[in-house]
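K.L.:
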Amino acid sequence: MKTQLQQREVIKSNVGVEKEFTIKASPAAFSILSSGLYANKILAIVRELSTNAYDAHVAANKKDIPIEIKLPNSLDGSFYVKDFGTGLSHEDILTIYTTYFSSTKDNSNDYVGMLGLGSKSPFSYVSNFIVESRQDGINRIYSCFKNELNLPSITLLSELETEEENGMTIRLTTQSKDHESFRTAARTAFMYFDPKPVIIGQPDFSPYSVKHTLSGTNWKLREADYYSYYKGPRIVQGFISYPIDHNILSQHDISDIVQVLLSTNIDLYVDIGEVDIAASREALSYDPRTIRNLINALDNVATEIQLAIQKQFDECTSEWSACLLLDDLLNNQTNEFKNVVQSFDNVQKFTWNNKPIKTTYTFDPDLLKDAQILSFDLSYDKIRLNLHTTELEPSIRVRKNQRVILDPYYRSRQVYRQYLSNMRGKGINKPQLLVIRPNKKRDMLIDSLPKLLEVMDNPEYLITDPLVSTRPVYNKSIRTQRAKESKLYWKGFRTTSSIYYPKTIYKFSHVCWDHELIDVSEGGIFVSIHNSAISLNGHQFLSFDKFLENCINLDIINSKTKIYGFTEKELKQIKTHNWVNLFDLVRENFKTNYDVYVNSLVFNNLPMINYTTPYNTLLNYMIDEWNRFEHYYDNDFGTFITKLKDIKVAALNIDGKSIGQIVDTLKLDLFSVSLKTKRQQLIDEWQHIISVRYPMLTIIDWPYSIDSITQSNILQLLSTYFNLVDNCNKINDNTLHSL
Numbered sequence: 151m152k153t154q155l156q157q158r159e160v161i162k163s164n165v166g167v168e169k170e171f172t173i174k175a176s177p178a179a180f181s182i183l184s185s186g187l188y189a190n191k192i193l194a195i196v197r198e199l200s201t202n203a204y205d206a207h208v209a210a211n212k213k214d215i216p217i218e219i220k221l222p223n224s225l226d227g228s229f230y231v232k233d234f235g236t237g238l239s240h241e242d243i244l245t246i247y248t249t250y251f252s253s254t255k256d257n258s259n260d261y262v263g264m265l266g267l268g269s270k271s272p273f274s275y276v277s278n279f280i281v282e283s284r285q286d287g288i289n290r291i292y293s294c295f296k297n298e299l300n301l302p303s304i305t306l307l308s309e310l311e312t313e314e315e316n317g318m319t320i321r322l323t324t325q326s327k328d329h330e331s332f333r334t335a336a337r338t339a340f341m342y343f344d345p346k347p348v349i350i351g352q353p354d355f356s357p358y359s360v361k362h363t364l365s366g367t368n369w370k371l372r373e374a375d376y377y378s379y380y381k382g383p384r385i386v387q388g389f390i391s392y393p394i395d396h397n398i399l400s401q402h403d404i405s406d407i408v409q410v411l412l413s414t415n416i417d418l419y420v421d422i423g424e425v426d427i428a429a430s431r432e433a434l435s436y437d438p439r440t441i442r443n444l445i446n447a448l449d450n451v452a453t454e455i456q457l458a459i460q461k462q463f464d465e466c467t468s469e470w471s472a473c474l475l476l477d478d479l480l481n482n483q484t485n486e487f488k489n490v491v492q493s494f495d496n497v498q499k500f501t502w503n504n505k506p507i508k509t510t511y512t513f514d515p516d517l518l519k520d521a522q523i524l525s526f527d528l529s530y531d532k533i534r535l536n537l538h539t540t541e542l543e544p545s546i547r548v549r550k551n552q553r554v555i556l557d558p559y560y561r562s563r564q565v566y567r568q569y570l571s572n573m574r575g576k577g578i579n580k581p582q583l584l585v586i587r588p589n590k591k592r593d594m595l596i597d598s599l600p601k602l603l604e605v606m607d608n609p610e611y612l613i614t615d616p617l618v619s620t621r622p623v624y625n626k627s628i629r630t631q632r633a634k635e636s637k638l639y640w641k642g643f644r645t646t647s648s649i650y651y652p653k654t655i656y657k658f659s660h661v662c663w664d665h666e667l668i669d670v671s672e673g674g675i676f677v678s679i680h681n682s683a684i685s686l687n688g689h690q691f692l693s694f695d696k697f698l699e700n701c702i703n704l705d706i707i708n709s710k711t712k713i714y715g716f717t718e719k720e721l722k723q724i725k726t727h728n729w730v731n732l733f734d735l736v737r738e739n740f741k742t743n744y745d746v747y748v749n750s751l752v753f754n755n756l757p758m759i760n761y762t763t764p765y766n767t768l769l770n771y772m773i774d775e776w777n778r779f780e781h782y783y784d785n786d787f788g789t790f791i792t793k794l795k796d797i798k799v800a801a802l803n804i805d806g807k808s809i810g811q812i813v814d815t816l817k818l819d820l821f822s823v824s825l826k827t828k829r830q831q832l833i834d835e836w837q838h839i840i841s842v843r844y845p846m847l848t849i850i851d852w853p854y855s856i857d858s859i860t861q862s863n864i865l866q867l868l869s870t871y872f873n874l875v876d877n878c879n880k881i882n883d884n885t886l887h888s889l
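Its first residue numbered 151, the sequence shown is counted upward by one per residue in our numbering.
#1: Could you give the first and the last residue of the continuous beta strand (DSSP E) run that contains Ile890?
#2: For the region 187–206 and the region 284–297, state whether three or more C-beta atom pairs, one from each stretch, are separated by less than 8 Å.
#3: Mind listing, in chain order, the continuous beta strand (DSSP E) runs of no fewer than 3 residues lying wholly within the region 297–376?
#4: Only counting runs of 4 or more residues, tell me where the alpha helix (DSSP H) segments fall wholly within the region 465–496, in order along the chain.
#5: What separation, rounded to the nearest whole angstrom, lies between the Cα atoms of Tyr419 and Leu457?
#6: Which class does Phe279 belong to by DSSP, given the choice of helix, strand or coil?
#7: Among the candidates Ile849, Ile613, Asn485, Leu221, whose CA atom is the shortest distance from the CA of Pro347?
#8: Quick one: measure Cβ to Cβ for Ser750 and Ile797, integer angstroms, because I've assumed they're closer than 8 Å.
#9: So is Asp669 buried or exposed if we call it buried at 16+ other beta carbons inside 10 Å?
#10: Give every residue of the same chain whose Cβ lies closer than 6 Å to the Cβ of Arg197, excluding the five residues on either side of it in the sequence, and list them in chain order.
#11: Find the nearest neighbour of Ser659 within the set Gly715, Arg567, Asp876, Lys212, judged by alpha-carbon distance.
#12: Rounded to whole angstroms, what is the Cα-Cα separation between Phe487 and Gln568?
#13: Return yes when the Cβ of Asn481 is within less than 7 Å of the Cβ of Lys580, no when it is not.
#14: Can you find the residues in the same chain that come closer than 8 Å, C-beta to C-beta, to Tyr871, ignoring five residues on each side of it along the sequence?
#15: Grouping DSSP H, G and I as helix and E and B as strand, with all else coil, what is Arg442?
#16: Whole-angstrom Cβ separation of Leu475 and Phe463, contact assumed at under 8 Å?
#17: Quick one: what does DSSP say Gly575 is sitting in, helix, strand or coil?
#18: Who are the near neighbours of Leu238 in its chain, counting only those whose CB is closer than 8 Å to its CB and skipping five residues on each side?
#19: Identify which residue in Leu556, Leu698, Glu218 has its Cα closest to the Cα of Ile350.
#20: With a cut-off of 8 Å on the beta carbons, I'd call Val408 and Asp449 a contact; round off their distance for me.
#21: Alpha carbon to alpha carbon, how far is Thr236 from Ala210? Give it in angstroms, no decimals.
#22: If the criterion is Cβ atoms closer than 7 Å, does the pair Ser525 and Ile546 meet it?
#23: Does the Cβ of Thr453 have 16 or more other Cβ atoms within 10 Å, making it buried, or fewer, making it exposed?
#24: Please work out which residues of its chain come closer than 6 Å, Cβ to Cβ, to Val623, disregarding the five sequence neighbours upstream and downstream, and give them in chain order.
#25: Measure the alpha-carbon distance for Asn739 versus Ile706 and round it to whole angstroms.
#26: Taking C-alpha atoms, which residue in Phe343, Arg372, His240 lies nearest to Thr484?
#27: So, with DSSP's three-state summary, where would you put Ile392?
#28: Please classify Tyr230 as buried or exposed, where buried requires at least 16 neighbouring CB atoms within 10 angstroms.
#29: Look at the alpha carbon of Lys212 and the alpha carbon of Asn316, and state the distance between them as a whole number of angstroms.
#30: Can you list the alpha helix (DSSP H) stretches of 4 or more residues lying completely in the region 178–226, in chain order?
#31: When you compare only the Cα positions, how much space is there between Lys892 and Leu517?
#32: Under 7 Å, do Asn551 and Ile586 count as touching if we go by C-beta distance?
#33: In angstroms with no decimal places, state the Cα-to-Cα distance between Tyr204 and Ser435.
#34: Does the Cβ of Gln387 have 16 or more other Cβ atoms within 10 Å, making it buried, or fewer, making it exposed?
#35: From Lys519 to Pro544, what does the alpha carbon distance come to, in whole angstroms?
#36: For the alpha helix (DSSP H) that contains Phe716, what are its first and last residues?
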């Protein structure tokens with residue numbers, strides 16, 4: 151490929167000594183050029199050596215002859231690339247082949263290579279490899295290696311006569327753990343190769359296949375899911391595919407339809423030299439010329455696709471057929487093509503006779519004075535009818551795969567469902583049934599039908615059979631009517647009868663309630679209902695069973711308490727004051743037990759003493775095991791532990807989780823975070839008083855697991871320490887009475 155160098159005009163004035171920069175031939179420089187260029191080194195070796203082999207065939211006028219690739223396997227770990235081109239002379243090997251940035255291909259766009267770096271790519275993986283050059287009956291074998299200074303070197307190993315045709319072979323030894331990586335790299339590198347290389351070493355090998363669903367001038371639409379690595383638009387130049395950086399091009403002046411292509415899986419084929427590439431050949435080099443050529447290529451492709459699709463709409467004979475075409479393009483094509491059509495349509499609507507086309511057709515209201523159109527389609531894979539009718543508005547969603555039925559007898563949906571089932575059984579994708587039937591006077595349909603069918607491009611239609619049963623007969627409900635004196639009481643949400651996986655159906659209905667005759671003057675607990683449903687905060691209260699469970703846990707009600715459901719009419723008829731609303735009862739209970747519930751929330755939901763230090767571990771241990779050791783501690787520490795134990799026991803006797811759930815359900819504002827924080831701070835203050843009073847507690851190394859004898863010894867020593875501190879300080883007994 152020709153090297154594109156921009157000619158620069160330099161204006162100099164009063165310059166001093168001028169010297170050009172140079173490159174030092176150091177091990178670091180060679181390592182960067184041989185290895186540091188490539189992110190995927192194995193893929194780079196396969197790609198670079200293979201494109202060099204292809205260039206050799208171009209030079210020998212053999213580009214239609216495939217190159218030969220040997221992939222490593224468990225029996226033979228060698229990898230080689232063999233071509234049947236011109237070969238290199240001994241002088242070319244020592245001068246051109248071994249010189250970085252020296253190439254015989256940088257003056258022609260017939261070749262893929264140009265930099266003179268790809269032939270050195272094996273050094274990114276191995277420290278030595280073999281080069282075999284066959285030219286004019288002489289076979290020379292060279293060893294390329296890194297010498298004692300870590301510099302790339304070459305030496306001639308042998309020179310023998312041969313009858314093989316001219317060409318070169320590059321051979322290297324691979325590690326067994328990399329065999330699959332070489333196979334994967336070859337499958338990737340040869341996706342766009344033409345002709346495909348002859349593969350030796352793995353008989354079942356095949357490159358990743360590129361599935362193109364639509365093509366045009368220098369472009370092919372790529373199906374999205376054929377190979378997850380290749381996503382978005384790509385440039386194909388010289389059998390190598392390069393990703394197009396969406397972010398870079400978006401910074402330039404590009405049209406909306408080009409923006410669409412930048413998110414589309416599409417391959418753009420350009421001649422060698424049209425775009426510049428990075429030295430690694432893993433990406434494009436986004437210089438001004440390359441960016442300009444990319445935008446022009448994308449703009450040409452986008453315009454071509456848009457005009458091609460619009461041409462199909464222009465060829466439609468009616469608006470109805472244009473609507474069907476749009477549905478076909480959006481629903482019956484490959485996913486990638488559907489996305490392109492949808493995106494292009496969003497940017498600029500496709501038209502028919504200068505009218506934007508939609509998948510919904512709007513009828514002339516005069517045509518529907520005597521006729522009615524019903525549209526039925528299947529919901530995904532289920533035989534469930536989705537109904538659209540012109541009774542509500544004179545428009546209807548149309549589909550490409552539709553059947554028209556004339557139904558002057560008003561058949562039932564069961565008949566329509568059978569038609570749709572038959573269509574799906576024949577493999578028709580997304581079938582649609584259009585039913586035309588009289589609106590009011592059945593005989594008037596005869597006059598309006600021809601005009602209606604003409605608008606629909608005179609489709610073939612079926613006429614329903616008048617003898618088919620119009621509507622199935624269902625058994626009457628077995629529910630008995632509830633007596634006026636009988637009142638509903640809550641039974642619970644319905645549970646399925648499955649033995650292994652019973653499931654609760656959280657839906658209000660009559661099955662959630664039972665009824666009985668009661669004396670309303672005796673009173674009780676009730677909730678307001680409407681159509682069997684209990685509402686709270688403006689919504690159906692589907693957590694009612696859980697709410698009752700929480701009330702039982704807090705002894706607000708018991709498991710045998712019946713909760714009656716009264717309608718608004720029944721509430722007006724009840725004269726007695728003996729009835730109480732369940733939600734009001736719970737709110738009143740929380741007001742009465744305010745302090746108790748707050749303590750429970752604090753000591754159940756906030757850790758009373760965290761297990762973060764040996765000191766806190768000791769305190770928790772003492773609280774839980776106090777009955778075993780209280781005879782040791784007739785002092786202020788014992789008073790402190792006793793207080794904490796009483797608080798903890800009281801808190802654990804109340805279900806804090808139920809309290810929290812009821813607070814959230816009823817949105818009670820009685821329990822502020824600040825109050826809970828204050829209670830927690832109180833405990834922290836108590837701990838601080840004790841730690842100041844007995845400072846050794848904060849440094850004691852209390853183990854998590856010790857034997858009982860050691861425990862007793864430590865606790866006796868602690869008791870002695872506490873008594874000693876108390877006797878020395880003579881602190882007033884009121885010090886901890888605030889606890």
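Heads up, the beta-carbon is just placed ideally off N, CA and C, and yes, glycines get one too.
P.N.:
Considering the structure as presented:
#1: Because the chain here runs from 151 to 889, residue 890 falls outside it and cannot be looked at.
#2: no
#3: 302–311, 317–323, 348–350, 362–366, 369–372
#4: 469–481
#5: 20 Å
#6: strand
#7: Leu221
#8: Contact doesn't hold; Cβ gap of about 10 Å is too wide.
#9: The residue is exposed, with fewer than 16 neighbouring Cβ atoms inside 10 Å.
#10: Ala339
#11: Gly715
#12: 32 Å
#13: yes
#14: Tyr844, Met846
#15: helix
#16: 6 Å
#17: helix
#18: Ile246, Tyr247, Ser283, Gln285, Met318
#19: Glu218
#20: With a Cβ gap of about 6 Å, Val408 and Asp449 count as contacting.
#21: 6 Å
#22: For Ser525 and Ile546, yes; Cβs fall inside 7 Å.
#23: exposed
#24: Caution applies to Val623, whose pLDDT of 46 falls short of 50 and renders its modelled position unreliable; the model cannot decide the point.
#25: Note on geometry: alpha-carbon atoms of Asn739 and Ile706 lie some 7 Å from one another.
#26: Arg372
#27: In the sequence under discussion, the amino acid at residue 392 is Tyr, which differs from the Ile named in the question. Tyr392: strand per DSSP, three-state reduction.
#28: buried
#29: 12 Å
#30: Taking only runs of at least 4 residues, the alpha helix (DSSP H) segments lying wholly in the region 178–226 are 191–209.
#31: Residue 892 is absent from the model: the chain starts at 151 and stops at 889.
#32: no
#33: 23 Å
#34: Result: buried.
#35: 10 Å
#36: Counting along the chain, Phe716 falls outside any alpha helix (DSSP H), though it belongs to the beta strand (DSSP E) covering 713–716.
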